[in-house]
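Enquirer: First the structure, which I've put down as structure tokens, then a few questions once you've had a look.
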Amino acid sequence: MQRLRNDGYEVRSNHLLMHSVPYVNAKGAGALGSLVSVLTMAGDVTALPSSHVTMFTGDHPCNKDCGEIQ
Numbered sequence: 169m170q171r172l173r174n175d176g177y178e179v180r181s182n183h184l185l186m187h188s189v190p191y192v193n194a195k196g197a198g199a200l201g202s203l204v205s206v207l208t209m210a211g212d213v214t215a216l217p218s219s220h221v222t223m224f225t226g227d228h229p230c231n232k233d234c235g236e237i238q
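Per our numbering, the sequence shown starts with residue 169, numbered consecutively.
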């Protein structure tokens, strides 16, 4: 757990958060969001997650033409 924190991740309520992820919004401006995924533990070490779904906080990220990334 400390290694994850040392690497810049936040651990909160069985979730792993990576903040300050750069992306482009619908106006073509750069912005920062966060990636959030479930953190599965096996004792005091991380384990394979039951799902590889990752959530994103921020506006919908867009490609260089300002179209939403699907």
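A virtual CB, placed ideally from N, CA and C, is assigned to each residue, including glycine.
1. Is the Cβ-Cβ distance between Leu184 and Leu200 less than 8 Å?
2. Go to Leu200, then tell me how far its alpha helix (DSSP H) extends in each direction, as first and last residue.
3. Which whole-angstrom value describes the C-beta separation of His187 and Ser202, a residue pair presumed to lie in contact below a C-beta threshold of 8 Å?
4. For the beta strand (DSSP E) containing Leu216, name the first residue and the last one.
5. Just how far apart, CA to CA, sit Thr208 and Tyr177?
Expert: From the atom records:
1. At least 8 Å separates the beta-carbon of Leu184 from that of Leu200.
2. For Leu200, no alpha helix (DSSP H) segment is defined; the enclosing uninterrupted segment is the beta strand (DSSP E) at Gly198 to Val206.
3. Going by Cβ atoms, the distance from His187 to Ser202 rounds to 5 Å, so yes, they are a contact pair.
4. Neither: Leu216 is in no beta strand (DSSP E) and is coded neither H nor E.
5. Thr208 and Tyr177: Cα-Cα distance of roughly 15 Å.
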